[in-house]
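What the sequence shown shows, in full-length UniProt numbering, is residues 1 to 264, in sequence order.
Everything on this sheet refers to the single structure shown next.
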Amino acid sequence: MCKRLGKCMTAKNVIVQVVSTTISIKIVLLTLLLVTGCANSGVKSSPYQKDKELVVLAHGLGRSDWAMWRLEQRLEGANYRVCTLDYATIGESIDRVLTETSKQIDACLQNASKAHFVGHSLGGLVIRAYLQQNKDILTKQNVGEIVLMGTPNKGSELADYLSDSWLMKIGGEISSALVTGENSLGHNLEELDVNLGIIAGTKPSNLTREYFIGPNDGLVSVESTKLKSMSDFIKIEVTHTQMRYNLEVAEQTIHFLKHGEFKH
1 MCKRLGKCMT AKNVIVQVVS TTISIKIVLL TLLLVTGCAN SGVKSSPYQK DKELVVLAHG
61 LGRSDWAMWR LEQRLEGANY RVCTLDYATI GESIDRVLTE TSKQIDACLQ NASKAHFVGH
121 SLGGLVIRAY LQQNKDILTK QNVGEIVLMG TPNKGSELAD YLSDSWLMKI GGEISSALVT
181 GENSLGHNLE ELDVNLGIIA GTKPSNLTRE YFIGPNDGLV SVESTKLKSM SDFIKIEVTH
241 TQMRYNLEVA EQTIHFLKHG EFKH
């Protein structure tokens, strides 16, 4: 028996809050997986114009080409021709995702005199994997700048927390590959000699704050986005999801594509 009822109630409230938060996270993540996990395979491309440079745009886990619509518009407004990938991720194997996206990127690059790459989250890993598997295009084709936004190059601590959960079983092999350590997809990709700019978000989420030690965007830590081979790096106060719609992120992305560096 507790001597002070108030203390008992406080402890009980803390336990209830912790359990409730954990359940909320899983419900939110599951909802996101179910609602956004289905994507039609294919690419959406701006009309071909010889005088415009191409940007290949890749979305992240559980998303579709629609998730990149705002950034796509801003890139087109900056006089780029944009080819946006659209691929399924939830429940998929790593090989299937990389095979499908490789075909789509090949289609995007047809007739392109110069091509840049922009990837959000998992989309950045997809781009890295493609360039690693097709190193010949780095010499045969005029590959320009590459921008990775919120990409878990060293994995995600949140994925570590969920690694043994039923959510990861639903998510499939590609979702499980977003953990940190040696099993991380990003860890097993080579660092390439390309002009690479990385954008990291620093606005955390109250739902996931406790699973990170340092600055993060709610899903990926700032430290995880970094690569030794990056040419430039910038942090922006934005969440992982907001990154795709944020004006400053778009402006910095366009600045890097045009000048090979961010505006500091």
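Backbone N, C-alpha and C define an ideal beta-carbon position, used for all residues, glycine too.
Rounded to the nearest angstrom, what separates residue i and residue j at their Cα positions?
{"i": "K52", "j": "W166", "result": "46 Å"}
{"i": "G218", "j": "T239", "result": "6 Å"}
{"i": "L257", "j": "L125", "result": "18 Å"}
{"i": "V147", "j": "L227", "result": "12 Å"}
{"i": "G155", "j": "G77", "result": "33 Å"}
{"i": "L75", "j": "V179", "result": "31 Å"}
{"i": "V82", "j": "V143", "result": "14 Å"}
{"i": "V220", "j": "A112", "result": "32 Å"}
{"i": "N188", "j": "N246", "result": "30 Å"}
{"i": "D232", "j": "T202", "result": "17 Å"}
Would residue i and residue j qualify as a contact pair, given that the criterion is a beta-carbon distance under 7 Å?
{"i": "D95", "j": "S64", "result": "no"}
{"i": "G172", "j": "S121", "result": "no"}
{"i": "N195", "j": "G119", "result": "no"}
{"i": "I199", "j": "M230", "result": "no"}
{"i": "T84", "j": "E72", "result": "yes"}
{"i": "I174", "j": "T89", "result": "yes"}
{"i": "L54", "j": "A129", "result": "no"}
{"i": "T151", "j": "T99", "result": "no"}
Contact criterion: CB-CB distance below 7 Å. Does residue i meet it with respect to chain C?
{"i": "A129", "result": "Looking for chain C here will not work: only one protein chain is present."}
Measure the beta-carbon distance from residue i to residue j and round it to whole angstroms, keeping in mind my assumption that it falls under 8 Å.
{"i": "S176", "j": "Q133", "result": "With a Cβ gap of about 21 Å, S176 and Q133 do not count as contacting."}
{"i": "M149", "j": "V249", "result": "6 Å"}
Please specify which runs of the beta strand (DSSP E), each continuous and at least 3 residues long, are wholly inside the segment 94 to 162, giving them in chain order. 114 to 120, 142 to 149
Of all the beta strand (DSSP E) runs that stay within the bounds of the segment 59 to 94, which reach a length of 3 or more residues? 81 to 86
Taking three-plus beta-carbon pairs below 8 Å as touching, is the segment 104 to 118 in contact with the segment 154 to 168? no
Three or more C-beta pairs closer than 8 Å, one from the segment 197 to 215 and one from the segment 126 to 139: is that the case here? no
Any chance you could list the alpha helix (DSSP H) runs of at least 4 consecutive residues sitting entirely within the segment 171 to 224, in chain order? 173 to 176
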